[in-house]
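> Our numbering runs 5 ahead of the 1-based position in the sequence shown.
We treat Cβ as the ideally placed atom computed from N, Cα and C, and that holds for glycine.
Source: prediction; values computed, not measured.
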Amino acid sequence: NDTDFALKLLADGSDIVMHPAWRVTHHSPTAHRRPVRWFRLVSRNRIWLVRRHGRGWTRPVLAVLATLDVFRRGLLRPHAIHAAAAGMIEGWRRPAPPLPSNVPARSGVAWLLVRLMLGRSGS
């Protein structure tokens, strides 16, 4: 996922710039409506991120917070909520793909993701 890709770039010596006020604009009239498949994949990937980078008691807390964001986005769409729940279950049942050997697991990565999802940069 994007977080693992960013960690890989950092491990290779590259820099990453992120600014919470920056936004991507999609000119497609349907870009704001996510397909049902997106909910399953994002929910699963966020659980994998938490499993790889979360530590101790923070794992279940981060998993709930990360998944709540996906459920919030699927509000009023029963198929999307079902897909998000299926992705969460899949994320816990299937092993997460391993991190590349040059990418260290970092506990702060999962917390940063959750803060960004909640609209807080943490800075």
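1. Helix or strand or just coil, what does DSSP make of residue 60?
2. How should residue 127 be labelled, buried or exposed, when 16 other C-beta atoms within 10 angstroms of its C-beta is the threshold for buried?
3. Can you tell me whether DSSP reads residue 41 as helix, strand or coil?
4. Taking the beta carbon of residue 93 as the centre, do at least 16 other beta carbons fall within 10 Å, making it buried, or is it exposed?
5. Under three-state DSSP, which class holds residue 14?
6. If residue 39 sits next to residue 96, beta carbons under 8 Å apart, how far is it from one beta carbon to the other, in whole angstroms?
7. Taking the continuous alpha helix (DSSP H) assigned at residue 92, which residues delimit it?
So, from the data block:
1. Taking the sequence shown and counting its residues from 1, one reaches residue 60 at position 55. Residue 60 falls in the coil class under three-state DSSP.
2. Locating residue 127 in the sequence shown gives position 122, counting from the first residue. Confidence at residue 127 is low in this model, with a pLDDT of 46, below 50, so its placement is unreliable and the value that follows should be read with caution. Result: exposed.
3. Walking along the sequence shown from the start, residue 41 turns up at place 36. Helix.
4. Within the sequence shown, residue 93 is the residue found at index 88, counting from 1. Buried, since its Cβ has 16 or more Cβ neighbours within 10 Å.
5. Within the sequence shown, residue 14 is the residue found at index 9, counting from 1. Note: residue 14 maps to helix in three-state DSSP.
6. Working through the sequence shown from its first residue, we reach residue 39 at position 34. Working through the sequence shown from its first residue, we reach residue 96 at position 91. Between residue 96 and residue 39 the Cβ distance is about 18 Å, and since that is not below 8 Å, they are no contact.
7. Residue 92 sits at position 87 when you count from the first residue of the sequence shown. 83-98 is the span of the alpha helix (DSSP H), which, as asked, contains residue 92.
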